[in-house]
Structure formats: structure tokens, C-alpha cells
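Peer 1:
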Amino acid sequence: MMLTAAGLVWVLCVGGLLVAGRYAMGWRQGRSAVIDWQAGLMALPRRYLKDVHDVVERRPGAGRMHALTAGGLMASVALALLGVLPFLRASRLYWGCVALFALVGLAGAVLVWRRRWPRRPAFLSGGLFYAIAPAIVCCLGGLWFLAMWGLVSDTQTGPVVWVGQIMVGAGGAALLWLLGAGPLKHAFSGATWLVTHTRPGRFGGGRDTALRGMALDAPMLGCVTPVDFSWNVLASFDACIQCGRCEQVCPAFAAGQKLNPKALVQGMVHAMRGGVYTGSPAPGAPAVTGQGGLSQAIVGEGGSIHPETLWACTTCRACVEECPMMIEHVDTIVDLRRGQALMHGALRPGAATALRVLRDKGNLAGRPPVERAEGLAMLDVPVLAEGEETDILLWLGEGAFDRRYSRSLQALVTLMHRSGLRFAILGEAETDCGDLARRLGDEETFQMLAADVVTTLSRRRFNRIVTADPHAFHVLANEYPGLNNGMGPSWVVQHHTGLLDELVQAGRLKLNPQAGAPVAWHDPCYLGRYNGQIEAPRRLLAGACQSVVEMERHGMQAMCCGGGGGNPVSDVDARERIPDLRMAHARQAGAAVVAVGCPGCTAMLEGVVGEQPQVRDIAELVLAAVEDA
């Protein structure tokens, strides 16, 4: 009885390997990649059972469903494969274990079924995904029948045995079909991606968010067709389980911009081999045609992704943070942007204008560099000349040209003076760090700007850089070291919330918590998700304000303000504005003041019309608490 069932399962497993091999042959068409196979294979159990499941369990009930289904199915199949051993078939304990794990898997299949019945949530895909639960029930139901018969009878034949074997064969064949058709391909693709991940530093609680550089003399700049991606990145697209978590947290999707991260990844799958996508499309994006093909263009007419989809992304990494399979959506979008910008010159008009100004003027405002520090003229801030030395170099950033954000910088400088810090600015020698250019895919302009900045900084001496701009903070701290094949400069770089928190903890700034309306902290994406710094600003607010509240989405799950990734300069069409959605979160939390720590967030959130919470930089709130101490 079990010998026949074991034979069926062995045949099905061999069929599964053949299907997996078909996927692998497609991935091999991509570029080569340097893989530490030993480290990846050794780390796979922890990556799967810890890192993946930590994300899975953020959605109520999903962790339990997945553990029961995957655990029961894998254990049952493994035991069924061992059914070829005669001494096991004679053991009641063996039959009991098969029955137990089959029952566990059946319980998980019920939860899988309940996710889509009687009504499928919009974020989940339909189509063949409806067949997963019935296929598991059929296969594991057959194994359970066989196991129960083995517990009560020594007879190896009979109607129950035949029914069980038919169910195992039919259910297993259906699972094999679903593996080949798509809904279950992550069983193989996901493991491959977890072993060969492009950012192994993300596992085990780590953080790796810096965009990788590229050689400008390469024959292909960025990615235009699927084969321009490395083979393991192609595997990552097949690892997508279409759970829709990225869709749920994407600010562009929520605002009705032409981007759905899940549809984007499935568009990449379609670009590789065609297929049918049964989930939510990108809002308002015109349908694209094309049968797919590893050497066919991905973006544009005949491709799988509409051009406007690329420029709707704010690069906030909310999708990446919430992906159970740890897929790198933002890396994919930037690589596609690079292909469009550098190979085809296909930039959005506003983005092209912004990049031209950056190249010509060295700053996005297009103004004389000397005007960057005009807002600090009355505060006696020294300018660090070539060959001179200071403790702290204050990087002002692009926000300094804005009169409103100059007030935030004035508060920061006043606090630094009160603390007795020795610091200076670059004055007219400061140029743009290149963050916008790199996110828009113009790596050439980024490297040009970065070379200017590196030259300027190398001619001065300082112990650390402090900036109130999380984008500059991230690029200077994490992406400049990757220049010149990883031989770029490395400095100690600190966001101003970290500096102020340090000064308060050391007693150099005394705070008297201010009474008043509730204050909510808005986490900048490039400070929180990109760099994991979410505690220091909250300690500052707790010390500076008596009433502090949290928005529903905060910390690592905070919603973007809409100001990143070149979104504001890319002429993006939308149903709503992302900052309007974010300020609605603040109102729902009862906040009368939204504390920010980024010039982009200040500009975006203050641009919301109507009666809204007041927007204030955290340095302004801290200064008020210090002056009243």
C-alpha cells in the first residue's frame, strides 16, 4: 500500500525537479553573479525559518497558516518518500506520524482556502491560486486515508487503499502542475533566491540599503531586457508569492499613481516567459502588450511594464521592508531607470530638466552656491576653507536654499552653539551629493557630482559630518564608500536627530517638556527604513514635548511623504497626493503638530492645503524646550 504511494510521491518529486530545472535554465540566460554558495546554503534554514517568518507573521494569522500548510505538507511528503523502507511500513508509529502531519497540513489548507473564500481580498491574486487548497486537500487527504488504514489493518489492498492512492496521485499531480504554472513556483525559486540573495547583509537583523554602483564604460548601462539582470535577480522575480503586502504599503499605489509593486514584479515574470497576472494592476496604467521574452525590451510598447510605472516610485523601500521573500523592488526599478536614462535617454521631462540643472549649477535650485548659507548669515557660522580643520562639518543640503527650511537649520545651529560644539560649513564649496541623480537612474551625473564632493571634502579635515537631510546622510555614509569599486571614502556621518539625542543624553542640552497639542513624529524613509534610526528622534520628542502620539504607520512601517526617488520632479499623474494621505494619518492620530527631520518631508507635508497639523522640524521643538529649561 504505502510502497505504491511512496512510488507515486517519488515520481512526483522527480517531476518537480524537472519543472524546477526548466526555471533554472531560464535564469541562466541572465548575467553571471558572484555567489558564496557555502554561506548561502548554510544560512538557508535560518533565513527561511527566522527572517522570512518574522515578516510573514506581521499579517495576523498568516504565520500560523504558512507553518501548518508548509510544515504539514513537507513532513508528510518526506515520510511518504521513506515508505519504500519495509521496516517503516511495519511500524504503527510511522503510520501515526504520517496521519498526524497530513492532518496538520489539511488544517493549513483550510486556512489557505479561507483566505480567498467567500470573498478574495483585493491584494491577493486569483486565478490558479484558488486551486492550491483543493490540491493540498486531495494529496494530504489521500495520505491520511492510507495512514489511518495502516493503523487499523494489515491489508495492503481494498477500496480505501485505492481511493487514497488515487487522491495522492491526483493531488500530487495538481501540485506539480501548480508548480509549473506559477502559483507554487516559489517553493523552489524562493529557496534559490534566499541562498543567492544580492544583499545577504539584510538577514539576521542586518541592514543593507545602499544602491550598487556601476561601471560607466560597460557595454550595457542598467537593464533593458530580462537578460541584463543577473541570474539570481531573475530567480527573485519567480520567488514572488503574490501575497500583496507590497501593494498594501506602497504610497504610490495608495495615491493612484501608475505603480503597483506586485504588478511590477509580475511584469518582470511576464517579461521572462509570458503568463497571466490575476492580481490588482497598477492604477490607471494603460494596458501593455507583448508575449515576453528574455531578450525583449521590458519597458514600453511591446513590453511588460508601462514607462510611467518606473517614475511613480518614491524609492521609500516600504515594499521591500514588507516582502516575505525579501525581493528588492527598488533595485529593480533603479536598474530599469538606468537603462531608460543612460541607454535611451527616456527620462520624464521634469526629471530631465532637474538633472540638467544639477549638472550645470551643482544644485537642484539652480542658484549661486553662495546663497545656500544665506539663511545662517546672522548666526556666525564659520566656513571651512581648504586645508582647515574642525570637529564637525555641517552639511546643509539642498533644503538650505528654501527659506522655510532655513528656519530649521537656524534652530539646529543655535543648539550646536549652545552645546559649545566646534563646527563649520562648506559655504559656496558645497555642491549636491547626487542622491536625486542616482535615484533617477542617471549614474553618470551622480558619479560626476560625487567626484566633486569627494575632492572638496578631501581637502579639509574634520571628525564627522552632521546633516539634517536624511538623503544626504544616507548617500554620504553608505553609498560614497562604494565608489571606485568599493574603494571610495568613508566618513563618520550623523543625522541631526542623532547628534541632538547625544547632546541631551550627555547633559549638554537641558530640556523642559513643552505643554501643548499632541505631537507625532513622521519617520523619514531614508532615516528609518534605510538606516534603522527610529529611536533617537522619539527620545528627543519625549523629552521636548509633554504629549506625543504615534501615527498608525510609524517606525519601519511608516508611510513615505512622497518626496523621494525624484517623484516630485517626474511629472507623475495621480488620483491623490501622497502627502495628503500622510497628513490624514496625523489627523487620525489626533496630532496637532507633525515633527519632521528632513527638508523633503517639510516641503511635501507643508504643501498640503486646508486645515492641517502644523509641521515643525524636530530641532525647532528641541530648541523651544531648551529655551524654556
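In our numbering, the protein residues as written are 13 to 641.
Each residue gets a CB set at the ideal place from its N, CA and C atoms; glycine is no exception.
1. Select from 54, 83, 84 and 93 the residue whose C-alpha is nearest the C-alpha of residue 22.
2. Excluding the 5 residues preceding and the 5 following residue 316 in the sequence, name in chain order all residues of the same chain whose CB lies nearer than 8 angstroms to its CB.
3. So, for residue 353: in the same chain, excluding its five sequence neighbours on each side, which residues have a beta-carbon less than 6 angstroms away from its beta-carbon?
4. Using 10 angstroms around the beta-carbon of residue 497, count the other beta-carbons present and answer buried if the total reaches 16, otherwise exposed.
5. Tell me the DSSP secondary structure of residue 633 in three-state form.
6. Please report the distance separating the alpha-carbon of residue 629 from that of residue 286.
7. Near residue 363, what residues of its chain come up, given a Cβ to Cβ distance below 6 angstroms and the 5 sequence neighbours on each side ignored?
8. Within its chain, find whatever has a CB closer than 7 angstroms to the CB of residue 201; leave out the 5 residues flanking it on each side and keep chain order.
9. Could you tell me whether any non-hydrogen atom of the ligand ZN is closer than 7 angstroms to the CB of residue 229?
10. In the structure shown, what three-state DSSP assignment does residue 254 receive?
11. Counting only runs of 4+ residues fully inside the region 418-454, write out the alpha helix (DSSP H) ranges in chain order.
12. Based on the DSSP secondary-structure assignment, which residues constitute the bridge partners of residue 405?
13. So the beta strand (DSSP E) residue 4 belongs to, where does it begin and stop?
14. Do the region 98-117 and the region 47-57 meet, that is, are 3 or more Cβ pairs less than 8 angstroms apart?
15. Can you find the residues in the same chain that come closer than 7 angstroms, C-beta to C-beta, to residue 74, ignoring five residues on each side of it along the sequence?
16. Secondary structure at residue 78, three-state DSSP: helix, strand or coil?
17. For residue 349, does the three-state DSSP call read helix, strand or coil?
18. Looking only at its chain, what residues have a beta carbon closer than 7 angstroms to the beta carbon of residue 312, apart from the 5 residues adjacent to it on each side?
19. Whole angstroms are fine: how far does the CA of residue 32 sit from the CA of residue 192?
20. So which of 481, 574 and 595 has the shortest CA-CA distance to residue 562?
21. Ignoring anything shorter than 4 residues, give me the alpha helix (DSSP H) runs that lie fully in the region 539-618, in order along the chain.
22. Have a look at the DSSP bridge pairing and note the partners of residue 242.
23. Go ahead and label residue 383 buried or exposed: buried means 16 or more other beta carbons lie within 10 angstroms of its beta carbon, across all protein chains shown.
24. Could you spell out the range, first to last residue, of the beta strand (DSSP E) harbouring residue 156?
25. Going by Cα to Cα distance, which pick from 335, 261, 343 and 601 is closest to residue 210?
26. What are the boundary residues of the alpha helix (DSSP H) that includes residue 278?
27. Taking 8 angstroms as the cut-off, does the region 524-535 touch the region 431-444 (at least 3 CB pairs, one atom from each stretch)?
28. Could you work out which residue in 337, 332 and 270 is closest to residue 321 when comparing CA atoms only?
29. Which residues mark the beginning and the end of the alpha helix (DSSP H) in which residue 186 is found?
30. Can you tell me whether DSSP reads residue 368 as helix, strand or coil?
31. To the nearest angstrom, how far is it from the Cα of residue 483 to the Cα of residue 122?
Peer 2: According to the data block:
1. 93
2. 279, 280, 282, 283, 300, 302, 304 and 310
3. 359, 453 and 454
4. exposed
5. helix
6. 48 angstroms
7. 452, 578, 581 and 582
8. 35, 247, 250 and 251
9. In terms of ligand content, the structure shown is empty, and the ligand ZN therefore cannot be addressed.
10. coil
11. 447-451
12. 436 and 477
13. Residue 4 lies beyond the stretch modelled for the chain, which goes from 13 to 641, so this question has no answer here.
14. no
15. 68
16. helix
17. helix
18. 319
19. 8 angstroms
20. 595
21. 547-556, 590-600 and 611-618
22. 43
23. exposed
24. Run containing residue 156: none in the beta strand (DSSP E); it sits in the alpha helix (DSSP H), 144-164.
25. 343
26. 273-285
27. no
28. 270
29. 171-193
30. helix
31. 46 angstroms
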